[in-house]
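Asks: Sending over a structure as structure tokens; questions will come in a sec.
Residue numbers (my numbering): 1129 to 2058.
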């Protein structure tokens, strides 16, 4: 019977760790422990947890170097002898040792003492809280397995030497490097208990030997002819099964199933099933319960296929119905080499001191297992095709070669209706297609037109979005590309190619003409570059030009731009740009690809452009930008199109750009209605994709009302953003980690605590704040009437909907509370309301705020430019009523820090702030015409 070995497997599917060396707490998963990386004896701990012998510590740690006490060791042995269950021992009425009275471990110590497993210290004490040494633990475990102390010499002066001789002989110290005279760590204790499971229990036989003088002597010795079971078999009714995984719920190596298109797709077993070719079954092997090839009720994955594994199985039933304790464990008998180079299989084997032999098997995408021919073994490999060489019995011979190829393709069809379907085009007319989404692994992770890596494995199409790197090609060889200083191997697997999509296989791509050019480089599963395309729109770095300034003979051309990441800045124009500014304002309103180096910007013209010929209409979530001229390359945007929403403002006869907001993709850009009377300028790449579009109007507010935030506190300020706390639209929980961009229309530093703002998000996810405009009503007063579904404010009734967020900011500067779909109380002071027509989106209540004085009924205040005019009917209002009316009007318009100066019984001046801008007004009063 072979002894169990300590296994350090890097591919344990689920590793359970020891905590306290007693059972009682729930078993914990390896990943739940903060000190999991310190665990050494993973297989031992995993098995004992699954068998119920040990459990994790309550505080979530393992403490592998912690020392085990004698009391804890006694309990572990009791649990082992009781088949993994904590024995019910009742109360102790007679104590064998004076220092165990009332001790938690007393019942377990008495249990072991009665059976001779433990002994005291000779002075009437046991020392339950003292550290157990390796030798003491070994003696306990050996006696528990049937060895008798008196016969084996485990007592007396040399007990420790005799114990360790026997412990080494049966393998108790296998996998350990310890001094048995010293304290035993939790890690080492688990390994020793694990080792005893595979030790055969012993019985003794007594033989009468004739002395020659007519007398006889009784000789006691271990009965080696007895059919004794191991501790695992006897106490747990289980055996250790070892073998090679050849099929599971992910794939069946022996399957050769093809689909209707004659493509090898393979198949797999049902979920929770694993087929194993057993290597330790038979009369003269470790166990005789399970032999041949058997399927067990346990899950394994791709990383177990072709490997030797160990599992512990309950006896007494067929493999299909047998209970498997814990997880399948990959043993350390496996040597696994993974290679995706173009080296031959023979070369990879030679480089790793392995031999390809006549029995070596090869599988393609975990299917169609056959003998590896000598020609296939010596043939050159393909960059990107993964070769996994497995020696699963540590004899130096390769048992399995698993070849896996993920092709690079484009999702050309996806349907979620009925059973769903997915089609991936990867090379010319070649496709990988499935007409049931349940047969696609990763179906929800990809969308139509995504670039993906795909492979049929186990009868299912496995897909994942291809990762990409956007950068400049610095150098190349026939098998490598260097991008922004990083060298990548070129993959040669099947690859999608399309001129309309600007995508081409990486193999054969590079030439001198491509050097120093930006591109998007797509990576295969090995991190090799498999395809190259034009930079994705979100990475194109497109810029919208606000204005330009021609440099003099000694000066430099300059441009003011908004970049695709939302940055607004003015740069010197790089001399290598496609344009040369000859007059101020040239190229204003146009779009260019850009690259910034220090304070210079290089502008490159898009392949083609198109303008609108009628009012532009766009609906959020749809791709069409209608109104573009008929000769436009396309009117369809895509998920990467950069939308510049340009708001203009006219003063007199001069129209200027007031703001530019940026959105990426048709799902993020707000609606544009015909009434907005908007125009558009679209830019296209050489593949005909709309990579950017500028939509200009003086009528629309380019920030979507559904994107609003209430800010109640500003926190830390960083280089390009400020952390704030607030509530987002439709949310009743505070968000304490909102990041406000420094490129906002309203800078984070100037945002007012207790105020509502509209926002967009830049490419970093930072909020870009903007004043809410006419949709924000400043109330600073109590409602006229309140019902559960509406609020009357300033003579108008507004609806409270299920999405209305009511924020109570009364405890400021503390954290406000928020409620969805609630109306205020009758006596609440409402400070602000954000409304959409007659619906309330967000309402702020602050009962510490001062109410704005009411404006007399006979008074009207108008504000135009820097002049305030008050008109009245009937009686002339007093100076206090005049001041209150002015304050009310300016408050309603969103002004703050209002100061009305009164002198000599008259209003002599008014000042206020809008955001960070200060205003001074002239004041005029007169009686309205009757």
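We put the beta carbon where it would ideally sit given N, CA and C, even for glycine.
Quick one: give me the first and last residue of the beta strand (DSSP E) that residue 2059 is part of.
Replies: As displayed, the chain neither begins before 1129 nor continues past 2058, which places residue 2059 out of reach and without an answer.
Asks: Starting from residue 1714, trace the beta strand (DSSP E) both ways and give me its first and last residue.
Replies: Locating residue 1714 in the chain shown gives position 586, counting from the first residue. Taken as a continuous stretch (DSSP letters only), residue 1714 belongs to no beta strand (DSSP E), as it is neither H nor E.
Asks: Assuming residue 1505 is part of the alpha helix (DSSP H), what are its boundary residues?
Replies: For this step, residue 1505 is matched to residue 377 along the chain shown. Looking at the DSSP string, the run of the alpha helix (DSSP H) that includes residue 1505 is 1502 to 1506.
Asks: Out of curiosity, what's the CA-to-CA distance linking residue 1428 and residue 1456?
Replies: Position 300 of the chain shown, counted from the first residue, corresponds to residue 1428. Position 328 of the chain shown, counted from the first residue, corresponds to residue 1456. Using only the alpha carbons, I get a separation of about 7 Å.
Asks: Could you tell me if residue 1334 is buried or exposed, where buried requires 16 or more neighbouring beta carbons within 10 angstroms of its beta carbon?
Replies: Numbered from 1 along the chain shown, position 206 holds the residue referred to as residue 1334. So residue 1334 ends up on the exposed side.
Asks: Give me the DSSP bridge partner(s) of residue 1675.
Replies: The sequence position of residue 1675 within the chain shown is 547, counting from 1. Answer is 1688.
Asks: Decide if residue 1782 is buried, meaning its Cβ has at least 16 other Cβ atoms within 10 Å, or exposed.
Replies: The residue given as residue 1782 occupies position 654 in the chain shown. The residue in question, residue 1782, is exposed, as its Cβ has fewer than 16 Cβ neighbours within 10 Å.
Asks: State the DSSP-derived secondary structure class of residue 1890, mapped to helix, strand or coil.
Replies: Taking the chain shown and counting its residues from 1, one reaches residue 1890 at position 762. Coil at residue 1890, not helix or strand.
Asks: Spatial neighbours of residue 1532 within its chain, please: CB distance less than 6 Å, with the 5 preceding and 5 following residues excluded, ordered by chain position.
Replies: For this step, residue 1532 is matched to residue 404 along the chain shown. Result list for residue 1532: 1493, 1514, in chain order.
Asks: Does any residue of chain C bring its CB to less than 8 Å from the CB of residue 1469?
Replies: Protein chain content of the structure displayed is limited to a single chain, and chain C is not contained in it.
Asks: Any idea which residues DSSP pairs residue 1840 with across the strands?
Replies: Reading the chain shown from its first residue, position 712 is the one you call residue 1840. Paired residue(s): none; residue 1840 is not in a bridge.
Asks: For residue 1264, count neighbouring C-beta atoms within 10 Å of its own C-beta (all shown protein chains included) and say buried if the count is 16 or more, exposed if not.
Replies: Position 136 of the chain shown, counted from the first residue, corresponds to residue 1264. Classification for residue 1264: buried.
Asks: Just curious, the beta strand (DSSP E) that residue 1700 is in, first and last residue?
Replies: As a first step, residue 1700 must be located in the chain shown, where it is residue number 572. From DSSP, the beta strand (DSSP E) with residue 1700 extends over 1696 to 1701.
Asks: Our contact map puts residue 1461 next to residue 1521 with C-beta atoms below 8 Å; I'd like the distance itself, whole angstroms only.
Replies: The sequence position of residue 1461 within the chain shown is 333, counting from 1. The sequence position of residue 1521 within the chain shown is 393, counting from 1. Yes, residue 1461 and residue 1521 are in contact; Cβ-Cβ is about 5 Å, under 8 Å.
Asks: Do three or more CB pairs link the stretch 1793 to 1811 to the stretch 1904 to 1918 at distances below 8 Å?
Replies: No: the two stretches stay apart, fewer than three of their Cβ pairs being nearer than 8 Å.
Asks: Could you give the distance in angstroms between the alpha-carbon of residue 1630 and the alpha-carbon of residue 1762?
Replies: As a position in the chain shown, residue 1630 is number 502, starting the count at 1. As a position in the chain shown, residue 1762 is number 634, starting the count at 1. Looking at the two C-alpha atoms, the distance is approximately 16 Å.
Asks: Given residue 2042, which residues of its chain have a CB within under 7 Å of its CB, disregarding the five upstream and five downstream residues?
Replies: What you label residue 2042 is simply residue 914 of the chain shown in a count that begins at 1. Around residue 2042: 2022, 2023.
Asks: On the premise that residue 1311 lies in contact with residue 1261, defined as a C-beta separation below 8 Å, what is that separation, rounded to the nearest angstrom?
Replies: As a working note, residue 1261 is residue 133 in the chain shown. As a working note, residue 1311 is residue 183 in the chain shown. About 6 Å; that satisfies the 8 Å criterion.
Asks: Which parts of the stretch 1547 to 1634 are runs of the beta strand (DSSP E), unbroken and 3 residues or longer, counting only runs that do not cross its ends?
Replies: Qualifying beta strand (DSSP E) stretches, in chain order: 1549 to 1555, 1558 to 1562, 1579 to 1585, 1588 to 1593, 1596 to 1604, 1608 to 1611, 1614 to 1617, 1631 to 1633.
Asks: Compare the C-alpha of residue 1671 against each of 1871, 1822, 1523 and name the closest.
Replies: Residue numbering aside, residue 1671 sits at position 543 when the chain shown is read from its first letter. Selected option, being the one with the closest Cα: 1822.
Asks: Nearest-angstrom Cα distance between residue 1168 and residue 1943?
Replies: Here residue 1168 is taken as the residue at index 40 of the chain shown, counted from 1. Here residue 1943 is taken as the residue at index 815 of the chain shown, counted from 1. Distance between the alpha carbons of residue 1168 and residue 1943: 47 Å.
Asks: Ordered along the chain, which non-local residues of its own chain (more than five positions away) have a Cβ less than 6 Å from that of residue 1711?
Replies: For this step, residue 1711 is matched to residue 583 along the chain shown. Correct list, in chain order: 1678.
Asks: How many whole angstroms separate the CB atoms of residue 1896 and residue 1890, which I take to be in contact at a CB cut-off of 8 Å?
Replies: Counted from its first residue, the chain shown places residue 1896 at position 768. Counted from its first residue, the chain shown places residue 1890 at position 762. Indeed they touch by this definition, with Cβ atoms about 6 Å apart.
Asks: Who pairs with residue 1740 in a beta bridge, going by DSSP?
Replies: Translated into positions along the chain shown, residue 1740 becomes position 612. Paired residues: 1756.
Asks: Would you grab the beta carbon distance between residue 1595 and residue 1651 for me? Rounded to a whole angstrom, and I think it's under 8 Å.
Replies: On the chain shown, position 467 is the one that residue 1595 refers to. On the chain shown, position 523 is the one that residue 1651 refers to. Right, their Cβ atoms sit about 5 Å apart.
Asks: Straight-line CA distance for residue 1447 to residue 1319?
Replies: Sequence index remark: in the chain shown, residue 1447 carries index 319 (1-based). Sequence index remark: in the chain shown, residue 1319 carries index 191 (1-based). Rounded to the nearest angstrom, the two C-alpha atoms are 27 Å apart.
Asks: Find out if the Cβ-Cβ distance for the pair residue 1692, residue 1770 is shorter than 8 Å.
Replies: Taking the first residue of the chain shown as 1, we reach residue 1692 at position 564. Taking the first residue of the chain shown as 1, we reach residue 1770 at position 642. Yes; because the gap between Cβ atoms is below 8 Å, this pair is in contact.
Asks: Quick one, which of 1702, 1778, 1795 has its alpha-carbon nearest residue 1746's?
Replies: Counting from 1 along the chain shown, the entry for residue 1746 is found at position 618. The residue with the shortest Cα to Cα distance from residue 1746 is 1795.
Asks: For residue 1729, name the three-state secondary structure that DSSP assigns.
Replies: One-based indexing of the chain shown puts residue 1729 at position 601. Residue 1729 falls in the strand class under three-state DSSP.
Asks: Evaluate residue 2051 with the Cβ neighbour count: other Cβ atoms within 10 Å of its Cβ, from every protein chain shown; 16 or more gives buried, anything less gives exposed.
Replies: The residue you call residue 2051 lines up with position 923 of the chain shown. Buried: at least 16 other Cβ atoms inside 10 Å.
Asks: Per DSSP, which one or two residues make a beta bridge with residue 1440?
Replies: For the purposes of this step, residue 1440 is taken as the residue at position 312 of the chain shown. Answer by DSSP bridge pairing, in chain order: 1368, 1453.
Asks: Taking the beta carbon of residue 1844 as the centre, do at least 16 other beta carbons fall within 10 Å, making it buried, or is it exposed?
Replies: By 1-based counting over the chain shown, the position of residue 1844 is 716. Residue 1844 comes out exposed.
Asks: Kindly indicate the opening and closing residues of the beta strand (DSSP E) around residue 2009.
Replies: Numbered from its first residue, the chain shown carries residue 2009 at position 881. Element bounds for residue 2009: not the beta strand (DSSP E) but the alpha helix (DSSP H), 2007 to 2020.
Asks: Classify residue 1519 as buried or exposed, calling it buried when 16 or more other Cβ atoms lie within 10 Å of its own Cβ.
Replies: Within the chain shown, residue 1519 is the residue found at index 391, counting from 1. Answer is buried; the Cβ neighbour count reaches 16.
Asks: How far does the alpha helix (DSSP H) with residue 1242 in it reach, from first residue to last?
Replies: Start at 1 with the first residue of the chain shown, and residue 1242 comes out as number 114. Run containing residue 1242: 1234 to 1242, per the alpha helix (DSSP H) assignment.
Asks: Is residue 1867 helix, strand or coil when you go by DSSP?
Replies: Indexing the chain shown from 1 puts residue 1867 at position 739. Strand.
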